[in-house]
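> Here it is, the structure, as structure tokens.
Protein chains: 2
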Amino acid sequence: MNDKIKPTDAELEILRVLWQWGPCTVRHVHERLPSDPPRGYTTVLKLMQIMSDKKLVRRNEAQRAHIYEAAVSPTQAQGSLVKHLLEKAFDNSTAKLIVQALAARPASPEELAEIRRLLDEAEGEEK
Amino acid sequence: MNDKIKPTDAELEILRVLWQWGPCTVRHVHERLPSDPPRGYTTVLKLMQIMSDKKLVRRNEAQRAHIYEAAVSPTQAQGSLVKHLLEKAFDNSTAKLIVQALAARPASPEELAEIRRLLDEAEGEEK
DNA sequence: CCTAAATTACGAAGAGTTTCGTAGATACAC
DNA sequence: GTGTATCTACGAAACTCTTCGTAATTTAGG
């Protein structure tokens, strides 16, 4: 269904701004984007127009400065990306992916506890 | 260090063959690649030549049919890819990524138990 | 030898991504 | 009104990835 959601890195940065701040003009997104690397205003505009064509964002043209909002949720985008990585690089082994995730960025004890809690939930749904 | 390892999807498929079968000729890789989608022999050859330039694989030219082997381990490649995804799509939250991984592909009770064991290990190293 | 098969090298084309300059339209300030 | 700033649209360039055809080389059969 949402398997086709595969935002590129540049698109993801824009989506993150929209997820965090809600509907924005191009100018607002441009201002809130990481300043490194610096991007031209029209670069961001063009990207957002393309994302609109791809249905990654919706835009409201009522005002002169169009208002863009994310058309995919963080969960949809993240789920699709992680599913893709699982298939292409981890032989669909969730366990292998988790090992690498923990190795790449060690979790704090609090996070580990949180993760255990999530595992309990996952097991609960197993039925 | 190995942050620069970012194999594309097509490159990953070739790496997977080399990881599973060990050093191979282009012909062997071509035969062992998934038949869907079908790829021309020279397409695979070209990809592997590029991968050699990128140092993703090494090649031995002693024989007429060069022998290629992976120059990066599964752990290196997977770790680099997951780290990248963590940064770009998950705000560096390992927990969020694990939630999405479990949602994208529910783990069996055996896997869940395995994952708990890995968490224990991770906690052990915490110091 | 001479041909047929296999292999590498090379180049080019098409698609997708990211970049940005320029032009035209609109709003705002004075 | 006139000029300045802002915004969108458009197109093109640079880059990467993926594809594969063709040519040149080497090997193996007969």
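Protein chains in written order, with the numbering used here: chain A, 53 to 179; chain B, 53 to 179.
Ideal placement from N, C-alpha and C gives every residue a C-beta, glycine not left out.
Taking all protein chains shown into account, decide if B/GLN115 is buried (16 or more other Cβ within 10 angstroms of its Cβ) or exposed.
Residue numbering aside, residue 115 of chain B sits at position 63 when the second sequence is read from its first letter. By the 10 Å Cβ count, B/GLN115 comes out exposed.
> Determine, using beta carbons only, whether B/LYS179 comes closer than 8 Å to chain A.
Working through the second sequence from its first residue, we reach residue 179 of chain B at position 127. Any reading at B/LYS179 must be qualified, since the residue scores a pLDDT of 47, below 50, and its modelled position is unreliable; the value itself is stated next. So, not an interface residue.
> Which two residues bound the contiguous beta strand (DSSP E) that contains A/GLU119?
Working through the first sequence from its first residue, we reach residue 119 of chain A at position 67. Reading off the sequence shown, one finds Ile at residue 119 of chain A, where the question assumed Glu. Counting along the chain, A/ILE119 sits inside the beta strand (DSSP E) bounded by residues 119 to 122.
> Using the beta-carbon of each residue, which ones in chain A are nearer than 7 Å to B/THR146?
By one-based count along the second sequence, residue 146 of chain B stands at place 94. Going along chain A in sequence order, the residues near B/THR146 (Cβ under 7 Å) are ALA153, LEU154, ARG157, ALA159 and GLU163.
> What three-state label does DSSP hand A/ARG110 in the structure shown?
Within the first sequence, residue 110 of chain A is the residue found at index 58, counting from 1. Looking at A/ARG110 - three-state DSSP - the assignment turns out to be strand.
> Thinking C-alpha only, which one of A/ARG79, A/ALA159, A/LYS58 and A/LEU133 is nearest B/ASP172?
Taking the first residue of the second sequence as 1, we reach residue 172 of chain B at position 120. Checking every option, the nearest Cα to that of B/ASP172 belongs to A/ALA159.
> Who are the Cβ neighbours of A/GLN134 in its own chain at under 7 Å, not counting the five residues just before and after it?
Here residue 134 of chain A is taken as the residue at index 82 of the first sequence, counted from 1. Note that residue 134 of chain A is Val in the sequence shown here, rather than Gln. Correct list: empty, nothing qualifies.
> Over what stretch of residues does the alpha helix (DSSP H) that includes B/ARG157 continue unbroken?
Taking the first residue of the second sequence as 1, we reach residue 157 of chain B at position 105. Here B/ARG157 belongs to no alpha helix (DSSP H), and DSSP marks it neither H nor E.
> Apart from the five residues just before and just after A/VAL96, which ones in its own chain have a Cβ nearer than 8 Å to its Cβ?
Taking the first residue of the first sequence as 1, we reach residue 96 of chain A at position 44. Cβ within range, chain order: ILE66, VAL78, VAL81, HIS82 and LEU85.
> Alpha carbon to alpha carbon, how far is A/VAL151 from B/LEU170?
Walking along the first sequence from the start, residue 151 of chain A turns up at place 99. Walking along the second sequence from the start, residue 170 of chain B turns up at place 118. Roughly 7 Å between the two C-alpha positions.
> If the cut is a Cβ gap below 7 Å, which residues of chain A does B/GLU166 touch?
Walking along the second sequence from the start, residue 166 of chain B turns up at place 114. Ordered by position in chain A, the residues that pass the 7 Å Cβ test against B/GLU166 are ALA147.
> In terms of residues, what are the limits of the alpha helix (DSSP H) holding B/SER132?
Mapped onto the second sequence, residue 132 of chain B falls at position 80. From DSSP, the alpha helix (DSSP H) with B/SER132 extends over 126 to 141.
> For A/ARG111, which residues from the same chain have a beta carbon less than 6 Å from its beta carbon, with the 5 sequence-adjacent residues on both sides left out?
The sequence position of residue 111 of chain A within the first sequence is 59, counting from 1. Correct list, in chain order: SER104, HIS118 and TYR120.
> Can you tell which of A/LYS107, A/GLN101 and A/PHE142 has its C-alpha closest to the C-alpha of A/ALA129?
By one-based count along the first sequence, residue 129 of chain A stands at place 77. In terms of Cα proximity to A/ALA129, the closest of A/LYS107, A/GLN101 and A/PHE142 is A/LYS107.
> Going straight from the alpha carbon of A/PRO48 to that of B/GLU163, what length do you get?
Nothing can be reported for residue 48 of chain A, as the shown portion of chain A is limited to 53 through 179.
> Where A/ASN144 and A/TRP73 are concerned, what is the direct C-alpha to C-alpha distance, given to the nearest angstrom?
Residue 144 of chain A sits at position 92 when you count from the first residue of the first sequence. Residue 73 of chain A sits at position 21 when you count from the first residue of the first sequence. Approximately 34 Å between the Cα atoms of the pair.
> Measure the CB-CB distance between B/ALA147 and A/LEU149 and report whether it falls below 8 Å.
Locating residue 147 of chain B in the second sequence gives position 95, counting from the first residue. Locating residue 149 of chain A in the first sequence gives position 97, counting from the first residue. No. Outside cutoff.
> What do you get for A/SER132, buried or exposed, if any count of 16 or more other CB atoms within 10 angstroms of its CB means buried?
The count along the first sequence starts at 1 and reaches residue 132 of chain A at position 80. Classification of A/SER132: buried, given that the 10 Å Cβ count is 16 or more.
> For A/ILE167, collect the residues of the same chain with a Cβ closer than 8 Å to its Cβ; drop the 5 residues on either side in sequence, then sort them by chain order.
As a working mapping, residue 167 of chain A is identified with position 115 in the first sequence. Around A/ILE167: ALA159.
> For a contact meaning CB atoms closer than 8 Å, what does A/GLN130 contact in chain B?
By 1-based counting over the first sequence, the position of residue 130 of chain A is 78. Under the 8 Å cutoff, chain B gives ALA141, PHE142, LYS148, LEU149 and GLN152.
> Roughly how many angstroms separate the alpha carbons of A/PRO75 and B/SER125, rounded to a whole number?
Here residue 75 of chain A corresponds to residue number 23 of the first sequence, with the count starting at 1. Here residue 125 of chain B corresponds to residue number 73 of the second sequence, with the count starting at 1. Per the coordinates, the alpha-carbon of A/PRO75 lies some 43 Å from the alpha-carbon of B/SER125.
> Roughly how many angstroms separate the alpha carbons of A/ALA156 and B/LYS56, rounded to a whole number?
On the first sequence, residue 156 of chain A is found 104 positions in, with the first residue counted as 1. On the second sequence, residue 56 of chain B is found 4 positions in, with the first residue counted as 1. Between A/ALA156 and B/LYS56, the C-alpha separation is close to 14 Å.
> Near A/ARG68, what residues of its chain come up, given a Cβ to Cβ distance below 8 Å and the 5 sequence neighbours on each side ignored?
Position 16 of the first sequence, counted from the first residue, corresponds to residue 68 of chain A. Excluding sequence neighbours, A/ARG68 sits near nothing in its chain.
> Contact criterion: CB-CB distance below 8 Å. Does A/VAL134 meet it with respect to chain B?
Along the first sequence, read from residue 1 onward, the residue named residue 134 of chain A stands at position 82. Chain B places a beta carbon closer than 8 Å to that of A/VAL134, counting this residue as a contact.
> Any C-beta of chain B sitting closer than 8 Å to the C-beta of A/GLU175?
As a working mapping, residue 175 of chain A is identified with position 123 in the first sequence. For A/GLU175, the answer is yes, since a Cβ of chain B falls inside 8 Å of its Cβ.
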